[in-house]
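Novice: Dropping the structure in here first, questions after.
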Amino acid sequence: MQKFLVTILAMILACLSLAGVSAQGAGEPNQQLYPLRKPTGNQWALSDRNGKIHARFTLPKYGTIQEFKDGLGLVRNTSIEKWGVIDHTGKLIVPYKYNYISSFSEGLASFQIGERSGVIDRTGKEVIPPKYERIVGFRFGRSAASVNKKWGLIDTKGNWIVQPTFDYVGYIPERQQYSNDPILIKQGPYYGYMDAKGTVLVPPKYVLAKEFSDGLAAVQEKDKQIGFINSKGEYIIAPIYYFTVPFRNGIAYASSWKADGKSLGGGLINKKGEWIIPPGEFTPFAGSSDVEEGIYRYYTNKEDGQSYAGAVTLTGEVILEPKYSAIGRFYNGIAMVRLHDGREGFINRKGEYLVSPRYFGTYQSPYGSLMDRNGLYAINWGLDGYLDYTGKLVIPPYR
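With mature numbering (1 follows the signal peptide of the UniProt record, and there is no 0) applied, the sequence shown corresponds to residues -19 to -1, 1 to 380, in that order.
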């Protein structure tokens, strides 16, 4: 299972590993740089937004980079299935010896070596030795960690903040909005919540529970439907749904039932449980409750068996008909769209193409969001440079 997860992560987050490197006017350590690769051979480079090359790489025959962020790149040598780290000059500062390295958060990254997990800092120093079964990643100076199949919380030095007594601790860094958010726990078959010191706030009694988001958490008790509770375990939204997605920006997706037991389909609710978009009008919604710039992206299944992505405003106006394979997040009124043949382009909220679908592999992350919030997309996974959302080639290909 561990090898499978590592392989999937590597496939999702593509590009780079190193053998030889030459730096040319290396940028600042935290400067945003963009990986480029030549169409043939094993040569790569790091460019700034202006197209200036800061480092050139000679790569092994097979190599990937998970990301390049804040002056560090996570690299993987697929020939030996090991991971390392490069800096902004292309120097390999962490040798290829780990089975997996997470993204850096708060200056730290967890690693997996064999069956054990530890933590490195930005210099590659092992600040927490590999003595845990799993370390998830840090947020607010703490991380979920497990030993002997029991979970707790550790600090950045590896000391236990909460002793490992739980069957699971759902402390996912990117989902922790606030430092005082209740933390999901599991004991036996039931879920509950604790605070960051290990004090149980809501005793485990739910057969299904999600992390807190926007101050509410979706829970389900035995023989009941799904509702939303506050940090005291009080229902703020009654348990009347059979499927929900966590709140974000005050909006959540929910599906409910008719009186005769048939599905009403899905719609959007606010934090009072009021329908913003009634169920059944856009059925079925799926995915997340991400609402950016007042736009919600959704999927619907059609008779051909495929899923089609569309977009709707919070007033219920369909701005993009469900005919795409995928739609990226909107940024300044513009989003990436992908057709079912894989071609990608850019569209505005009026449904007008700014760039007709003709590119492949325009990516920042597996979620199709903008490269760095400055609006750059890779073309063909960096092989053909980077363009902005108007279609202008900002960083030329490396030739």
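By construction, the Cβ of each residue, glycine as well, lies at the ideal position given by its N, Cα and C atoms.
(1) From the DSSP output, in three-state form, read off S28 for me.
(2) By the DSSP assignment, the beta strand (DSSP E) with F92 in it spans what residues?
(3) What three-state label does DSSP hand P16 in the structure shown?
(4) Applying the criterion that 16 or more other CB atoms from any shown protein chain within 10 Å of the CB defines a buried residue, is A198 buried or exposed?
(5) How about I166 and V183: are their beta carbons less than 7 Å apart?
(6) For P377, I'd like the list of residues in its chain whose CB is within less than 6 Å of its CB, leaving aside the five on either flank, ordered along the chain.
(7) Going by the CB atoms, is the gap between P163 and S83 shorter than 7 Å?
(8) Would you report the Cα separation of F85 and S91, rounded to the nearest angstrom?
(9) Does DSSP classify E107 as helix, strand or coil?
(10) If I measure Cβ to Cβ from Y289 and keep anything under 8 Å in the same chain, skipping five residues before and after, which residues do I get?
(11) To the nearest angstrom, report how far apart N361 and G291 are at their CA atoms.
(12) Nearest to E107 by alpha carbon, out of R115, A26, S98?
(13) Going by other Cβ atoms of all chains shown within 10 Å of its Cβ, with 16 needed for buried, is I61 buried or exposed?
(14) Per DSSP, what are the beta-bridge partners of N329 in this structure?
(15) Could you check what DSSP says for N361 in three-state terms: helix, strand or coil?
(16) Below 8 Å on the Cβ atoms is my contact criterion, and I expect V128 with P111 to pass it. Report the Cβ-Cβ distance as a whole number of Å.
(17) Quick check: the region 112 to 124 against the region 50 to 69, are there 3 or more CB pairs under 8 Å?
(18) What's the call for I315, buried or exposed, on a 16-neighbour Cβ count within 10 Å?
(19) According to DSSP, what are the bridge partners of L368?
(20) Considering Cα atoms alone, identify which of A125, K186, N80, F147 is closest to N140.
(21) Mind reading off the beta-carbon distance from W238 to G248? Whole number of angstroms is fine, and I expect it under 8 Å.
(22) So for P163, helix, strand or coil by DSSP?
(23) Would you grab the beta carbon distance between L14 and G363 for me? Rounded to a whole angstrom, and I think it's under 8 Å.
(24) Can you tell me whether DSSP reads R156 as helix, strand or coil?
(25) The beta strand (DSSP E) spanning D136 covers which residue range?
(26) Using a Cβ cut-off of 7 Å (strictly closer), state whether S194 contacts chain B.
(27) Please tell me whether Q168 and V188 are closer than 7 Å, where the distance is taken between their beta carbons.
(28) For G291, report the span of its beta strand (DSSP E) as first-last.
(29) Excluding the five sequence neighbours on either side, which residues of its own chain have a C-beta within less than 6 Å of the C-beta of G208, listed in chain order?
Specialist: Put simply:
(1) Residue 28 sits at position 47 when you count from the first residue of the sequence shown. Of the three classes helix, strand and coil, the one that applies to S28 here is strand, per DSSP.
(2) Here residue 92 is taken as the residue at index 111 of the sequence shown, counted from 1. Per DSSP, F92 belongs to the beta strand (DSSP E) from 89 to 94.
(3) By one-based count along the sequence shown, residue 16 stands at place 35. It is a strand residue.
(4) Numbered from 1 along the sequence shown, position 217 holds the residue referred to as residue 198. Result: buried.
(5) Counting from 1 along the sequence shown, the entry for residue 166 is found at position 185. Counting from 1 along the sequence shown, the entry for residue 183 is found at position 202. It is not a contact, given that the beta carbons lie outside the stated cut-off.
(6) Along the sequence shown, one-based indexing puts residue 377 at 396. Cβ neighbours of P377 beyond the five flanking positions: G32, G366.
(7) In the sequence shown, the residue the question calls residue 83 occupies position 102. In the sequence shown, the residue the question calls residue 163 occupies position 182. Contact: no.
(8) As a working note, residue 85 is residue 104 in the sequence shown. As a working note, residue 91 is residue 110 in the sequence shown. So the alpha carbons of these two residues sit roughly 8 Å apart.
(9) Here residue 107 corresponds to residue number 126 of the sequence shown, with the count starting at 1. Note: E107 maps to strand in three-state DSSP.
(10) The residue labelled residue 289 in the question sits at position 308 within the sequence shown. The answer, listed in chain order, is Y280, T281, N282, K283, P303, K304, Y305, S306.
(11) Counted from its first residue, the sequence shown places residue 361 at position 380. Counted from its first residue, the sequence shown places residue 291 at position 310. Going from the Cα of N361 to the Cα of G291 covers about 24 Å.
(12) The residue labelled residue 107 in the question sits at position 126 within the sequence shown. The shortest C-alpha separation from E107 is found at S98.
(13) Translated into the one-based positions of the sequence shown, residue 61 becomes position 80. Result: exposed.
(14) Walking along the sequence shown from the start, residue 329 turns up at place 348. Note: N329 sits in a beta bridge opposite I315.
(15) If you number the sequence shown from 1, residue 361 lands on position 380. N361: helix per DSSP, three-state reduction.
(16) Position 147 of the sequence shown, counting from 1, holds the residue named residue 128. Position 130 of the sequence shown, counting from 1, holds the residue named residue 111. The pair is not a contact, with the Cβ atoms about 12 Å apart (cut-off 8 Å).
(17) no
(18) Working through the sequence shown from its first residue, we reach residue 315 at position 334. It counts as buried.
(19) Counting from one through the sequence shown, the residue named residue 368 turns up at place 387. DSSP output for L368 lists Y358, L374 as bridge partner(s).
(20) By one-based count along the sequence shown, residue 140 stands at place 159. Nearest of A125, K186, N80, F147 to N140, Cα basis: A125.
(21) Translated into positions along the sequence shown, residue 238 becomes position 257. Translated into positions along the sequence shown, residue 248 becomes position 267. With 8 Å as the limit, W238 and G248 do not qualify as a contact, their Cβ atoms being about 13 Å apart.
(22) Within the sequence shown, residue 163 is the residue found at index 182, counting from 1. Coil, per DSSP.
(23) By one-based count along the sequence shown, residue 14 stands at place 33. By one-based count along the sequence shown, residue 363 stands at place 382. Wrong, their Cβ atoms sit about 12 Å apart, outside the cutoff.
(24) Within the sequence shown, residue 156 is the residue found at index 175, counting from 1. In the structure shown, R156 sits in a helix (DSSP, three-state: H, G or I).
(25) Indexing the sequence shown from 1 puts residue 136 at position 155. Residues 131 to 136.
(26) Here there is only one protein chain, and chain B is not present.
(27) The count along the sequence shown starts at 1 and reaches residue 168 at position 187. The count along the sequence shown starts at 1 and reaches residue 188 at position 207. No.
(28) Here residue 291 is taken as the residue at index 310 of the sequence shown, counted from 1. Looking at the DSSP string, the run of the beta strand (DSSP E) that includes G291 is 288 to 294.
(29) Reading the sequence shown from its first residue, position 227 is the one you call residue 208. Within the same chain, G208 has close Cβ partners Y216, I218, A219, P220.
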